[in-house]
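Down below is the structure, laid out as structure tokens.
In full-length UniProt numbering, the protein residues as written are 1 to 466.
Given below as structure tokens:
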């Protein structure tokens with residue numbers, strides 16, 4: 001469920017892009033380890049990550065003005081060139097030309113269908129780079145199911161085919177572009193990572209203004225919609241068979257020995273230890289680059305479930321600096337990315353047919369591998385139960401109702417308030433399915449969310465929290 005979010009008009013959001021990079025606390029210079037032949041460690045890791053020792057891991061969290069750390073691509077001096085996760089020179093050239101703002105995504109193992117961004121302004125189409133990383137298997141699927149040709153484009157996306165993938169697990173391969181975009185795109189200032197299963201439906205400049213520039217933040221990610229404790233998240237991953245239970249237990253036990261504790265109010269103003277990691281919004285400055293390097297190193301060493309390592313890396317860096325992460329409501333994240341509903345023609349391995357047409361009827365954005373293992377459709381003319389799927393239990397974290405506030409909330413007004421009301425900005429609303437996004441007044445008095453008596457006040461709307 002999405003909740004209303006106040007966006008500025010695209011042109012105004014664009015005009016508010018900072019002219020200079022944000023301040024990077026403590027660390028000013030970050031370089032990366034290059035080892036042609038790294039030695040395998042007794043404690044996890046990979047050749048792609050360089051097998052950092054536990055001593056090197058410990059030293060990497062001692063944030064200093066100048067640092068050299070492991071950050072993937074250790075076998076070569078240029079990411080994508082004989083490093084694992086190899087990219088053709090023509091693609092590397094195009095990636096080096098990308099400056100300013102980047103939107104990136106990836107599909108490995110043909111797990112998802114490519115999603116086209118919507119509601120993208122002409123300004124963004126002209127100035128923002130859209131790059132989609134795929135493996136050879138996904139490339140073959142795209143060639144047979146879309147208009148991918150010599151132009152290497154599908155809609156807004158510039159397709160980059162990755163060879164010599166460093167991992168056998170497509171999910172772990174996906175962490176390379178997700179967390180190491182600053183290495184793949186050395187000239188980019190801001191990036192928006194969107195998981196391949198999601199469709200972007202709000203302009204990138206509006207998202208950057210809302211979640212980075214307005215908050216004076218260099219890194220933003222949504223909180224998990226339900227869980228905020230790493231220990232609870234670990235048990236949920238085990239129950240859902242997301243990863244080998246023994247590997248999850250080993251990782252959590254390691255963090256416990258380092259001092260990880262269950263989330264409590266003592267951590268405030270930190271509101272969650274568990275992100276919903278399908279979207280990452282960031283500025284490419286040394287401190288945020290260090291954060292994603294060290295986060296990637298944890299994913300490389302332990303399990304690929306990056307929700308489990310996020311808070312450990314964040315808290316260690318926060319202990320050494322005054323840097324922090326903007327963790328926003330997940331219902332706000334659902335405002336600008338959605339899992340689309342549309343008919344899909346999927347190649348299958350079933351004996352009854354090579355293709356079948358999926359008519360989701362309320363089914364929200366399933367991965368391709370799940371669709372392929374569905375039971376065959378009934379014969380034509382057979383009666384089909386068209387009852388909608390049962391609704392999931394409502395979560396306290398997600399606003400349950402949105403309604404206009406009809407009773408004016410008394411406030412003490414100063415004379416200058418009357419003047420500011422004449423310059424109120426209104427963001428255009430979008431109706432996507434049953435989710436209303438936008439159309440909130442963005443005057444100064446609406447730019448900060450305030451909670452009172454279980455209500456989240458957003459502009460002229462009242463949202464019950466529980």
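Quick reminder that beta carbons are idealized off the backbone N, C-alpha and C, glycines included.
Contact check for residue 161 and residue 85: beta-carbon distance about 11 Å, past the 8 Å limit, so the pair fails to qualify. Excluding the 5 residues flanking it on each side, residue 118 has same chain C-beta neighbours closer than 8 Å at 199, 200 and 201, in chain order. Only buried fits residue 91, as 16 or more other CB atoms lie within 10 angstroms of its CB. A Cβ-Cβ distance of about 6 Å is found for the pair residue 137 and residue 109, placing them in contact under the 8 Å criterion. Under the criterion of beta carbons closer than 8 Å, residue 276 and residue 223 qualify as touching, at roughly 7 Å. As for any beta strand (DSSP E) of minimum length 3 sitting wholly inside the segment 219-280, the runs are 219-223, ordered along the chain.
In the three-state reduction of the DSSP assignment, residue 135 falls in the coil class, being assigned neither a helical nor a strand state. Residue pairing by DSSP puts residue 32 in a beta bridge opposite 69.
Residue 204 counts as buried, since no fewer than 16 other beta carbons sit within 10 angstroms of its beta carbon. Scanning its chain for C-beta atoms nearer than 6 Å, with the 5 sequence neighbours on each side dropped, one finds around residue 98 the residues 129, 185 and 188, in chain order. DSSP, read as helix, strand or coil, puts residue 13 in helix. DSSP places residue 159 inside the beta strand (DSSP E), whose first and last residues are 157-163.
Listed in chain order, the non-local C-beta contacts of residue 301 below 8 Å within the same chain comprise 43, 44, 45, 49, 52 and 57, local neighbours out to five positions each way being set aside. Under the 10 Å beta carbon count, residue 298 is surrounded by 16 or more other beta carbons and is classified as buried.
Look at the segment 69-105 and you find no whole run of beta strand (DSSP E) that is 3 residues long or longer. Close CB contacts of residue 288 within its chain, under the 6 Å cut and outside five residues either way in sequence, are with 218, 219 and 282 (chain order). Taking the C-beta atoms as reference points, residue 234 is found nearer than 7 Å to residue 252.
For residue 212, there is no enclosing beta strand (DSSP E), since its DSSP letter is neither H nor E.
A residue is called buried once 16 or more other Cβ atoms fall within 10 Å of its Cβ, and residue 125, having fewer, is exposed.
If you draw a straight line from the Cα of residue 332 to the Cα of residue 40, it is about 42 Å long. Secondary structure at residue 290: helix, using DSSP grouped into helix, strand and coil.
Taking the CA atoms as reference points, residue 12 sits about 25 Å from residue 330.
Here residue 267 has 273 as same chain residues with Cβ atoms under 8 Å from its own Cβ, once five neighbours each way along the sequence are excluded. Taking a C-beta distance under 7 Å as the contact criterion, residue 194 and residue 325 do not qualify as a contact pair. Here the alpha carbon of residue 141 sits roughly 9 Å from the alpha carbon of residue 113. The beta carbons of residue 180 and residue 72 sit closer together than 7 Å.
Just so you know, the alpha carbons of residue 231 and residue 38 end up roughly 33 Å apart.
In chain order, 179, 306, 309, 310 and 313 place their CB closer than 7 Å to the CB of residue 295, counting only its own chain and leaving out the 5 sequence neighbours on each side. Shown here for residue 107: same chain residues with a beta carbon closer than 6 Å to its own, the five before and five after excluded, namely 134, 138 and 196 in chain order. Looking at the DSSP output, residue 148 sits in no beta bridge, so it has no partner there. When rounded, the separation of the alpha-carbon atoms in residue 225 and residue 250 is 25 Å.
For residue 108, no alpha helix (DSSP H) run applies, since DSSP gives it neither H nor E. Note that the C-beta distance between residue 221 and residue 237 is not below 7 Å. Cβ neighbours of residue 285 within its own chain (closer than 7 Å, five residues either side excluded): 21, 22, 24 and 218.
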